[in-house]
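Contents: one structure, followed by commentary.
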Amino acid sequence: MTDPKSHLAGLVRSALEHVFPDAAGTDILIERPRDATHGDFACTVALQLAKQLKRPPRQIAESLRTALVDREAAATTRFLDAVEIAGAGFINFRLAPETRVAGVRSVLQLGDAYGRAAAEGDKVVVEFVSANPTGPLHVGHGRQAALGDTLSALLEVRGRRVTREFYYNDAGVQIQTLALSVQARLRGLQPGEVAWPESAYNGDYVRDIADDYAARKTVAAADGTPVTAGGDTENLDDVRRFAVAYLRHEQDVDLRAFGTAFDVFSLESSLYAEGRVAAVVKNMIASGRTYEKDGALWLRTTDYGDDKDRVVRKSDGSYTYFVPDVAYHIGKWERGFRHAINVQGTDHHSTITRVRGGLQAVSESTGAEIPTGYPDYVLHSMVKVMRGGEEVKISKRAGSYVTLRDLVEWVGRDAVRFFLVSRRADSEFLFDIDLALSKSEENPVYYVQYAHARICSLLAQWTLLRQQSGTSALRAADLSPLALARESALAQRLSAYPEMLDDAARELAPHTLTFFLRDLASEFHSYYNAERILVDDSRLCDARVALCAAVRQVLANGLSLLGVSAPEKM
RNA sequence: GCGCCCGUAGCUCAGCGGAUUAGAGUAUUGGCCUCCGAAGCCAAGGGUCGUGGGUUCGAAUCCCGCCGGGCGCGCCA
Numbered sequence: 010m011t012d013p014k015s016h017l018a019g020l021v022r023s024a025l026e027h028v029f030p031d032a033a034g035t036d037i038l039i040e041r042p043r044d045a046t047h048g049d050f051a052c053t054v055a056l057q058l059a060k061q062l063k064r065p066p067r068q069i070a071e072s073l074r075t076a077l078v079d080r081e082a083a084a085t086t087r088f089l090d091a092v093e094i095a096g097a098g099f100i101n102f103r104l105a106p107e108t109r110v111a112g113v114r115s116v117l118q119l120g121d122a123y124g125r126a127a128a129e130g131d132k133v134v135v136e137f138v139s140a141n142p143t144g145p146l147h148v149g150h151g152r153q154a155a156l157g158d159t160l161s162a163l164l165e166v167r168g169r170r171v172t173r174e175f176y177y178n179d180a181g182v183q184i185q186t187l188a189l190s191v192q193a194r195l196r197g198l199q200p201g202e203v204a205w206p207e208s209a210y211n212g213d214y215v216r217d218i219a220d221d222y223a224a225r226k227t228v229a230a231a232d233g234t235p236v237t238a239g240g241d242t243e244n245l246d247d248v249r250r251f252a253v254a255y256l257r258h259e260q261d262v263d264l265r266a267f268g269t270a271f272d273v274f275s276l277e278s279s280l281y282a283e284g285r286v287a288a289v290v291k292n293m294i295a296s297g298r299t300y301e302k303d304g305a306l307w308l309r310t311t312d313y314g315d316d317k318d319r320v321v322r323k324s325d326g327s328y329t330y331f332v333p334d335v336a337y338h339i340g341k342w343e344r345g346f347r348h349a350i351n352v353q354g355t356d357h358h359s360t361i362t363r364v365r366g367g368l369q370a371v372s373e374s375t376g377a378e379i380p381t382g383y384p385d386y387v388l389h390s391m392v393k394v395m396r397g398g399e400e401v402k403i404s405k406r407a408g409s410y411v412t413l414r415d416l417v418e419w420v421g422r423d424a425v426r427f428f429l430v431s432r433r434a435d436s437e438f439l440f441d442i443d444l445a446l447s448k449s450e451e452n453p454v455y456y457v458q459y460a461h462a463r464i465c466s467l468l469a470q471w472t473l474l475r476q477q478s479g480t481s482a483l484r485a486a487d488l489s490p491l492a493l494a495r496e497s498a499l500a501q502r503l504s505a506y507p508e509m510l511d512d513a514a515r516e517l518a519p520h521t522l523t524f525f526l527r528d529l530a531s532e533f534h535s536y537y538n539a540e541r542i543l544v545d546d547s548r549l550c551d552a553r554v555a556l557c558a559a560v561r562q563v564l565a566n567g568l569s570l571l572g573v574s575a576p577e578k579m
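Counting in the working numbering, the first sequence runs from 10 upward without gaps.
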């Protein structure tokens, strides 16, 4: 059987076609009521149709109810227990007990694969972090890493073929600034001195790079290429090459420690090297939407909803950054990604229209037929770090901001990852260090992990009791003794897991997952405190243990999507 | 000034393709370990959903104004 929700939608649709053929095309929306007294599912289709059918909603609901009850009576297996009309015309459904607990069996049978859809979906590229190699990763990058990684996992688990990608802007003036900063350090200068370049990076890491450069050390970037420092202060190209490799390596170390792995690293410099930037300019001109003004080449991005036209080629002959950005996205399209999602800070919001416009112009002249909404964006706002009631702004390491490494050292990877995805991306994030460190109070990470560990302990005891191994015996357990309201509520939540994953993936809203896990853990803790699991009656005992084992499995599956550990002991 | 986002309990936040009585955590107060892990559970109090209009049988949710906050508004990235 399909999941209960879609099955129910099918039933309602068929009843609707029978009773009100004129309204057969109506969307059937099945929701899970917050209030358990309203049943397991509810449908508002009667309210929606009242106007169209010119009949009171309760009357429509009543006709549908009759048809549904007839169908249920004729069915071979029992699915519904009751169909009730309530309020203005809601149809509330109560599932048969066997329907309710059916989800428990699927969870135990599928194990780690529960919630996973067949990998038949589109190819999608998720670009995130994309930090310039000019300094250590900061907490904002951490938020991006957590959001991007979890979103990728969500898309993947629901069948999309995901590529996680990191883009380096390694061709701009910022890299030049980095090289000059290192060079200044090599000359023995320090921030604050008169000769120190005004725009230079002041963090301690610049001195570290200079020291290693002078010592002619070798570093390996994320792609593994070793770079050895020449040690010559005056050779700026060499300084730059070493500094970039050094910082790429540092970022790689941080990302690995954070549990984030990328499939592809793209370099802005390679877009120039491969002639992709020049090709984009050529195609923009061919689209007929460019013009020369003040010695520069402009693209009429206002044709695509931008609030002003944008410069493509500056009067000095170089290109603005958005050109390689467009070239990069043309590349994504050409690699076969019909969906691309970029995770970025809201401070880059204004670039969206520009990049999409640029893609449209190129698409028009090449006939690529890139959709106007390509690529998709998940924008997140800034992270503010609080400790002891005050904002933490300065990190020794970076000089002017708190690094991801600082954060992970302070509170641990699990807490950082869980926290950073636990809010809507567009909300401003207040990261409270004291809160993430608390081991007993309002710390949702421990709350969820604790539920997992508790169940593991329970399963270990049950195994001793029954002298059986693992969950294999539980898959066959008779679940009919699970008759309590708490038990069916838990089972219902387990069966809602795949739906929740779909919603989170569709809405590009990974925070949904953390809320689900907290609610599931909460429901388990309540159940655990109210009822004894390991009871003498072995049928009841096995059924309850099977339910708990299913809860554990879903907690573990969900945590793994978040990249958070599911400990057996804490 | 213009554009986008946000304003929900003391605090931190869900809910916002309208729909049955607005939720969670925390903080406060009071209970629960001779019993499967108290990093837990139960209960109470706490909200004109920023504000004023509008659409609707029905609005925290959709539309408009205003107030307050964030981000952006370069031939920077």
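All residues carry an ideal CB built from backbone N, CA and C; glycine is no exception.
Out of Tyr210, Ala51, Gly201 and Pro30, which has the shortest C-alpha to C-alpha gap to Pro13? In the first sequence, counting from the first residue as 1, residue 13 sits at position 4. When Tyr210, Ala51, Gly201 and Pro30 are compared, the shortest CA-CA separation from Pro13 is found for Ala51.
Buried or exposed: which applies to Gly157, given that a residue is buried once 16 or more other Cβ atoms fall within 10 Å of its Cβ? Stepping through the first sequence from its first residue, residue 157 is reached at position 148. Under this definition Gly157 is a buried residue.
From the DSSP secondary-structure annotation, give me the bridge partner or partners of Tyr222. Here residue 222 refers to the residue found at position 213 of the first sequence. The bridge partners DSSP lists for Tyr222 come to none.
Between Leu276 and the rest of its own chain, which residues show a CB-CB distance below 7 angstroms, the 5 nearest in sequence each way excluded? Counted from its first residue, the first sequence places residue 276 at position 267. In the same chain as Leu276, and ignoring 5 residues on each side of it, the C-beta atoms closer than 7 angstroms to its own belong to Tyr177 and Asp179, in chain order.
Please name the residue in Tyr455, Leu564 and Leu556 whose C-alpha comes closest to that of Met652. Residue coverage of the chain in this structure runs from 10 to 579, which leaves residue 652 outside it and unanswerable.
Euclidean distance between Cα positions of Ser547 and Tyr410: As a first step, residue 547 is located in the first sequence; it is residue number 538 there, counting from the start. As a first step, residue 410 is located in the first sequence; it is residue number 401 there, counting from the start. Taking the straight line from one Cα to the other gives about 58 angstroms.
Beta-carbon within less than 7 angstroms of Ser324's beta-carbon, same chain only, minus the 5 sequence neighbours each way: which residues are those? Against the first sequence, residue 324 aligns to sequence position 315. Excluding positions up to five away in sequence, the list reads Asp303, Gly304 and Ala305.
Taking a contact to mean a Cβ-Cβ separation below 9 angstroms, would you say Ala154 touches Leu146 in this structure? Position 145 of the first sequence holds residue 154. Position 137 of the first sequence holds residue 146. It is a contact, given that the beta carbons lie within the stated cut-off.
What residue from Arg196, Glu283, Gly212 and Asp272 has the CA that sits closest to Leu245's CA? Counting from 1 along the first sequence, the entry for residue 245 is found at position 236. For the residues Arg196, Glu283, Gly212 and Asp272, the minimum Cα distance to Leu245 belongs to Arg196.
Which residue's Cα is closest to the Cα of Tyr537: Asn566, Ala434, Glu496 and Ala513? Reading the first sequence from its first residue, position 528 is the one you call residue 537. Closest in C-alpha terms to Tyr537, from the list Asn566, Ala434, Glu496 and Ala513, comes Glu496.
Roughly how many angstroms lie between the CA atoms of Trp3 and Gln185, to the nearest whole one? The shown model of the chain, from 10 to 579, leaves out residue 3, and the question about it has no answer.
Give a yes or no on whether the C-beta atoms belonging to Leu474 and Leu556 are separated by under 9 angstroms. Here residue 474 refers to the residue found at position 465 when the first sequence is read from its first residue. Here residue 556 refers to the residue found at position 547 when the first sequence is read from its first residue. The answer is no: Cβ separation not under 9 angstroms.
Contact check, Pro38 vs Ala97 under 8 angstroms by CB: the rounded distance? As a first step, residue 38 must be located in the first sequence, where it is residue number 29. As a first step, residue 97 must be located in the first sequence, where it is residue number 88. Per the sequence presented here, residue 38 reads as Leu, with Pro not at that position. No, Leu38 and Ala97 are not in contact; Cβ-Cβ is about 15 angstroms, not under 8 angstroms.
Hey, quick one: how far does the alpha helix (DSSP H) through Ser275 stretch, first residue to last? Position 266 of the first sequence holds residue 275. Taken as a continuous stretch (DSSP letters only), Ser275 belongs to no alpha helix (DSSP H), being part of the beta strand (DSSP E) at Val273 to Leu276.
Are the beta-carbon atoms belonging to Arg298 and Ala370 less than 9 angstroms from one another? Counting from one through the first sequence, the residue named residue 298 turns up at place 289. Counting from one through the first sequence, the residue named residue 370 turns up at place 361. It is a contact, given that the beta carbons lie within the stated cut-off.
Rounded to the nearest angstrom, what separates Thr159 and Gly149 at their Cα positions? Taking the first residue of the first sequence as 1, we reach residue 159 at position 150. Taking the first residue of the first sequence as 1, we reach residue 149 at position 140. One C-alpha to the other measures close to 15 angstroms.
What does a CB cutoff of less than 7 angstroms around Leu280 pick up in its chain, not counting 5 residues either side in sequence? To locate residue 280, count along the first sequence from 1; it is residue 271. Taken in chain order, the residues that qualify are Val286, Pro333, Ala336 and Tyr337.
Given Leu413, which residues of its chain have a CB within under 7 angstroms of its CB, disregarding the five upstream and five downstream residues? One-based indexing of the first sequence puts residue 413 at position 404. A distance below 7 angstroms between beta-carbons, with the five flanking residues on each side excluded, links Leu413 to the following residues of its chain, in chain order: Leu146, His147, Val148, His150, Gly151, Asp263 and Phe267.
When you compare only the Cα positions, how much space is there between Ser574 and Ala565? Walking along the first sequence from the start, residue 574 turns up at place 565. Walking along the first sequence from the start, residue 565 turns up at place 556. Our two residues, Ser574 and Ala565, have alpha carbons roughly 8 angstroms apart in a direct line.
Check whether the Cβ atoms of Arg502 and Leu529 lie closer than 9 angstroms to each other. Numbered from 1 along the first sequence, position 493 holds the residue referred to as residue 502. Numbered from 1 along the first sequence, position 520 holds the residue referred to as residue 529. The answer is yes: Cβ separation under 9 angstroms.
Going by Cα to Cα distance, which pick from Leu198, Gln260 and Thr242 is closest to Val228? As a working note, residue 228 is residue 219 in the first sequence. Answer by Cα proximity: Gln260.
Spatial distance of Arg257 from Gly48 (CA atoms): To locate residue 257, count along the first sequence from 1; it is residue 248. To locate residue 48, count along the first sequence from 1; it is residue 39. One C-alpha to the other measures close to 55 angstroms.
At which residues does the alpha helix (DSSP H) containing His520 begin and terminate? The count along the first sequence starts at 1 and reaches residue 520 at position 511. Unbroken alpha helix (DSSP H) run through His520: His520 to Ala539.
Glu26 by DSSP, collapsed to three states: which one? As a working mapping, residue 26 is identified with position 17 in the first sequence. Helix at Glu26.
Please report the straight-line C-alpha distance between Ala111 and Leu488, rounded to a whole angstrom. Residue mapping note: residue 111 aligns to position 102 of the first sequence, counting from 1. Residue mapping note: residue 488 aligns to position 479 of the first sequence, counting from 1. In a straight line, the C-alpha of Ala111 is about 8 angstroms away from that of Leu488.
Own chain partners of Asp392 with C-beta closer than 7 angstroms, once the 5 adjacent residues on each side are dropped: As a first step, residue 392 is located in the first sequence; it is residue number 383 there, counting from the start. According to the sequence displayed, residue 392 carries Val and not Asp. If we look at Val392 and ignore the five residues flanking it on each side, its Cβ neighbours are Val148, Gly149, Arg152, Phe438 and Phe440.
Neighbourhood of Glu532 by C-beta distance below 7 angstroms, restricted to the same chain and skipping five residues each side: If you number the first sequence from 1, residue 532 lands on position 523. Setting aside the 5 residues that flank it on each side, Glu532 is surrounded in the same chain by Ala498, Leu499 and Arg502, each with a C-beta closer than 7 angstroms to its C-beta; the list follows chain order.
Beta-bridge pairing of Tyr214 - partner residues as DSSP gives them: The count along the first sequence starts at 1 and reaches residue 214 at position 205. Beta-bridge pairing links Tyr214 to no other residue.
Would you tell me roughly how many angstroms separate the C-alpha atoms of Ala482 and Ala270, rounded to the nearest one? As a first step, residue 482 is located in the first sequence; it is residue number 473 there, counting from the start. As a first step, residue 270 is located in the first sequence; it is residue number 261 there, counting from the start. In this model, Ala482 and Ala270 are separated by some 36 angstroms (Cα to Cα).
Is it true that the CB of Val253 sits closer than 9 angstroms to the CB of Pro380? Numbered from 1 along the first sequence, position 371 holds the residue referred to as residue 380. Numbered from 1 along the first sequence, position 244 holds the residue referred to as residue 253. One thing to note: Pro380 has its Cβ no nearer than 9 angstroms to the Cβ of Val253.
Quick one, which of Ile442, Ala494, Asp511 and Glu136 has its alpha-carbon nearest Val273's? The residue you call residue 273 lines up with position 264 of the first sequence. If we check each option's Cα against that of Val273, Glu136 comes out closest.
Whose C-beta lies closer than 7 angstroms to the C-beta of Ile94 among residues of the same chain, with five residues either side of it excluded? The residue given as residue 94 occupies position 85 in the first sequence. Answer for Ile94: Arg67, Ala70, Glu71, Arg74 and Ile100, listed in chain order.
Using the rule of at least 16 other Cβ atoms within 10 Å of the residue's Cβ for burial, across every protein chain shown, is Arg561 buried or exposed? Residue mapping note: residue 561 aligns to position 552 of the first sequence, counting from 1. That one is buried.
Just to check my reading of the structure: Ser296 and Glu399 have Cβ atoms closer than 8 angstroms, yes? What is that Cβ distance to the nearest angstrom? Here residue 296 corresponds to residue number 287 of the first sequence, with the count starting at 1. Here residue 399 corresponds to residue number 390 of the first sequence, with the count starting at 1. The C-beta distance from Ser296 to Glu399 rounds to 53 angstroms, too long to fall under 8 angstroms, and the pair is not in contact.
Which two residues bound the contiguous alpha helix (DSSP H) that contains Trp419? Working through the first sequence from its first residue, we reach residue 419 at position 410. Leu413 to Val420 is the span of the alpha helix (DSSP H), which, as asked, contains Trp419.
Let me know the alpha helix (DSSP H) ranges lying completely inside the stretch 256-320, each 4 residues or longer, listed in chain order. List check, alpha helix (DSSP H) in window: 277-282 and 285-295.
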